[in-house]
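Participant: Numbering (the UniProt record's numbering), first residue to last: 1 to 126. One structure, pasted below without further comment.
Right, dumping it as structure tokens:
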């Protein structure tokens, strides 16, 4: 069941960057808006180990392809070296949600997400 195994069963698309590169290189590719993190956060804990999102951002940066990221995670800071130059060219947008500034309420509503204070530091870094 998708609702019950969300936190215990992870399907990592380890070839995502390679496939994206192939798609962007195709003469049939028509550029369109890309958004990372719409179905689930692109910075799940496993991202630290696998670096899938990092690989995807590297491909997008190399292609100078515009994109957006929606996240609750401070993990996006690991991509600042790639995102900052793209942002200066208007090629990237980051949407970092802060549900509440109340730490205790945040732990109840989003038990595994970055704490509100941490998210604010991430916004400041961005």
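Even glycine gets a Cβ: it sits at the ideal position worked out from N, Cα and C.
1) By Cβ distance, which residues of its chain are closer than 7 angstroms to residue 91, with the 5 residues on each side in sequence left out?
2) If we call anything under 8 angstroms between Cβ atoms a contact, is residue 35 one with residue 73?
3) From residue 87 to residue 77, what distance separates their C-alpha atoms?
4) So residue 79 and residue 54 are supposed to be a Cβ contact under 8 angstroms. How far apart are they, rounded?
5) Which same chain residues, not among the five before or five after residue 15, have their C-beta less than 8 angstroms away from its C-beta?
6) Which residues mark the beginning and the end of the alpha helix (DSSP H) in which residue 122 is found?
7) Select from 126, 43 and 37 the residue whose C-alpha is nearest the C-alpha of residue 85.
8) Once you ignore the five residues that flank residue 1 on each side, which residues in its own chain have a CB closer than 6 angstroms to its CB?
Facilitator: Quick look at the numbers:
1) Taking the first residue of the chain shown as position 1, residue 91 is located at position 91. Only 64 and 66 meet the Cβ criterion.
2) Here residue 35 refers to the residue found at position 35 of the chain shown. Here residue 73 refers to the residue found at position 73 of the chain shown. Not in contact: residue 35 and residue 73 (Cβ atoms no closer than 8 angstroms).
3) Position 87 of the chain shown, counted from the start, is the residue given in the question as residue 87. Position 77 of the chain shown, counted from the start, is the residue given in the question as residue 77. Their Cα atoms are separated by approximately 13 angstroms.
4) Along the chain shown, read from residue 1 onward, the residue named residue 79 stands at position 79. Along the chain shown, read from residue 1 onward, the residue named residue 54 stands at position 54. Sure, about 6 angstroms apart at Cβ, within 8 angstroms.
5) Looking up residue 15 in the chain shown gives position 15. Counting only Cβ-Cβ distances below 8 angstroms, and skipping sequence neighbours, we find nothing.
6) Taking the first residue of the chain shown as position 1, residue 122 is located at position 122. Counting along the chain, the alpha helix (DSSP H) containing residue 122 begins and ends at 116-125.
7) For this step, residue 85 is matched to residue 85 along the chain shown. For the residues 126, 43 and 37, the minimum Cα distance to residue 85 belongs to 126.
8) Position 1 of the chain shown, counting from 1, holds the residue named residue 1. Unreliable placement is indicated for residue 1, whose pLDDT of 44 sits below 50; the coordinate value is still reported in the next sentence. Taken in chain order, the list of residues that qualify is empty.
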